[in-house]
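Q: This is the structure I want to talk about, given as structure tokens.
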Amino acid sequence: MNPFTLLGFELSGSIQLALVFIAIISVVANILLFVKADLPWWSVFVPFYNIMTGMKLIGRPTWHAFLFFTPAVIYLFPKTILEIAQSFGKHTLSDYILALVFNVFYILSLGLSPEEEYVGPAYKRLTLNTNNALSATEDMNLA
Numbered sequence: 158m159n160p161f162t163l164l165g166f167e168l169s170g171s172i173q174l175a176l177v178f179i180a181i182i183s184v185v186a187n188i189l190l191f192v193k194a195d196l197p198w199w200s201v202f203v204p205f206y207n208i209m210t211g212m213k214l215i216g217r218p219t220w221h222a223f224l225f226f227t228p229a230v231i232y233l234f235p236k237t238i239l240e241i242a243q244s245f246g247k248h249t250l251s252d253y254i255l256a257l258v259f260n261v262f263y264i265l266s267l268g269l270s271p272e273e274e275y276v277g278p279a280y281k282r283l284t285l286n287t288n289n290a291l292s293a294t295e296d297m298n299l300a
């Protein structure tokens, strides 16, 4: 029997089982996250539509999902994870580190925790806050 290989490396049965376990946790975590944000939970199972729905969750235009198929994913993936945390009101350095290092489990904890609430898209909210801050500064200079 030929061993299972991934990117040229042979994987043992325990590693395969761990990968399947993490994949199942990832699907459940995304379903819980989409339900909290009032997005269709079934979109987790549609291969490209789930990325587009994730972009809606954080407030990015849906065409940003196409960037996940370019080298820009190196920059976009961590930024997207941080914007998911910000969409649930997480703005501390420890939250950012946990979201980046323990991605699947952090998203699962956001979905399972009854205290965590979806506060809205982070991408649009950060843009609006910047504009409001500028207008408040201009008002102060005029007075």
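First residue of the sequence shown? That's 158 in our numbering, and the numbers climb one at a time after it. Every residue, glycine too, gets a C-beta built ideally from N, C-alpha and C. Values in this document were obtained by computation on a predicted structure and should not be read as measured data.
Could you tell me the boundaries of the beta strand (DSSP E) in which T162 lies?
A: For the purposes of this step, residue 162 is taken as the residue at position 5 of the sequence shown. First-last of the beta strand (DSSP E) with T162: 161-163.
Q: Per the DSSP calculation, L168 is bridged to which residue(s)?
A: To locate residue 168, count along the sequence shown from 1; it is residue 11. Note: L168 sits in a beta bridge opposite F161.
Q: Measuring straight from C-alpha to C-alpha, what distance separates L176 and I182?
A: In the sequence shown, the residue the question calls residue 176 occupies position 19. In the sequence shown, the residue the question calls residue 182 occupies position 25. Each residue's Cα considered, the two are about 10 Å apart.
Q: If I'm right that Y275 touches F245 with Cβ under 8 Å, what's the distance once you round it to whole angstroms?
A: Start at 1 with the first residue of the sequence shown, and residue 275 comes out as number 118. Start at 1 with the first residue of the sequence shown, and residue 245 comes out as number 88. That belief holds up - the Cβ atoms of Y275 and F245 are roughly 6 Å apart, short of 8 Å.
Q: Please confirm if the stretch 222-230 is in contact with the stretch 263-274, defined as three or more CB-CB distances below 8 Å between the two stretches.
A: The stretch 222-230 is not in contact with the stretch 263-274.
Q: Which parts of the stretch 164-229 are runs of the alpha helix (DSSP H), unbroken and 4 residues or longer, counting only runs that do not cross its ends?
A: DSSP runs (the alpha helix (DSSP H)) wholly in the stretch 164-229: 170-193, 206-215.
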